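Notes for the one structure printed next.
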Amino acid sequence: MGYTRVIEIVRMLLGIGNTLHGDDGAGNYIALEFRARGWNAIDCGTMPENFTAVVRRHHPEILVLVDATDLGLPPGEFRSVSEREIEEVSIGTHNMPLSFLMKYLSESAGRVLFIGIQPMNMGEGEGLSPAVREGAERLMTLLRQNRFGELRPFEGRGK
Numbered sequence: 005m006g007y008t009r010v011i012e013i014v015r016m017l018l019g020i021g022n023t024l025h026g027d028d029g030a031g032n033y034i035a036l037e038f039r040a041r042g043w044n045a046i047d048c049g050t051m052p053e054n055f056t057a058v059v060r061r062h063h064p065e066i067l068v069l070v071d072a073t074d075l076g077l078p079p080g081e082f083r084s085v086s087e088r089e090i091e092e093v094s095i096g097t098h099n100m101p102l103s104f105l106m107k108y109l110s111e112s113a114g115r116v117l118f119i120g121i122q123p124m125n126m127g128e129g130e131g132l133s134p135a136v137r138e139g140a141e142r143l144m145t146l147l148r149q150n151r152f153g154e155l156r157p158f159e160g161r162g163k
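Numbering of the sequence shown is given in the working numbering, commencing with residue 5 and proceeding in unit increments.
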């Protein structure tokens with residue numbers, strides 16, 4: 005009888021943010037709560053650059069970075085943001101520019117996708133606002149079902 009080797013497609017999610025600043029912890033929340041077959045989710049805190057070796061080791065087919073981002077949308081809405089638009093919308097609580105990180109990681113992943121989720125409250129305090137939590141849950145559902153085509157692209161503030 006023959007042996008069939010099953011190769012699981014590797015997908016990776018890096019959640020970015022600061023859980024001590026309200027909705028800035030959206031990416032962290034998603035990384036901690038997200039579970040799906042074929043996915044590896046990592047909470048990177050505010051220093052995603054510390055996790056580049058993990059990405060380089062696994063060479064994921066898809067690498068998704070999630071962070072609270074000022075998109076000019078209602079709280080909890082999310083969009084995929086291109087590398088060239090990152091600096092326009094990034095909240096800037098990171099040591100390394102996210103555009104640089106995306107470019108660097110693109111050498112080790114088939115596709116790098118940045119998803120920004122609009123925060124409501126970025127003040128001191130832990131926990132997500134209800135709107136951002138609901139948006140995070142919707143995003144996780146899309147990712148679990150590999151429905152990347154339904155992710156709307158960022159088209160400028162307020163669109």
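Each residue gets a CB set at the ideal place from its N, CA and C atoms; glycine is no exception.
None of the values given here were measured: they were computed from a predicted structure.
- Here GLY153 carries a helix assignment [DSSP, helix/strand/coil].
- Counted as a single uninterrupted DSSP element, the stretch harbouring ASN32 is not any beta strand (DSSP E) but the alpha helix (DSSP H) occupying residues 30-37.
- Between LEU67 and SER103, the gap from beta carbon to beta carbon reaches 9 Å or more.
- Residues of the same chain with a CB within less than 8 Å of the CB of GLU65, apart from the 5 flanking positions on each side, are ILE13, VAL14, ARG15, ALA113, GLY114, ARG115 in chain order.
- Distances from the CA of GLN122 to each of LEU75, ILE90, GLU138 were compared; the closest alpha carbon is that of LEU75.
- With a cutoff of 9 Å on beta-carbon distance, ALA40 and VAL70 are scored as not near each other.
- In terms of Cβ geometry, GLU53 and LEU117 do not form a close pair [threshold 9 Å].
- Between LEU17 and ILE46, the gap from beta carbon to beta carbon is short of 9 Å.
- In the structure shown, PHE55 adopts helical secondary structure according to DSSP, grouped into three states.
- Inter-residue distance for GLU89 and SER110 is about 16 Å (C-alpha atoms, whole angstroms).
- Looking at the DSSP output, HIS25 shares a beta bridge with GLY129.
- Between GLY120 and PHE82 the beta-carbon gap is near 6 Å, inside 8 Å, which marks them as a contact.
- Between the C-alpha atoms of SER133 and THR145 there is a straight-line separation of about 19 Å.
- In this structure, SER84 is the residue among MET124, GLY131, SER84 with its C-alpha nearest to the C-alpha of LEU143.
- Under the three-state reduction of DSSP output, MET16 falls in the strand class.
- Close CB contacts of PHE158 within its chain, under the 8 Å cut and outside five residues either way in sequence, are with LEU75, ARG83, SER84, VAL85, SER86, GLU89, VAL93, GLY120 (chain order).
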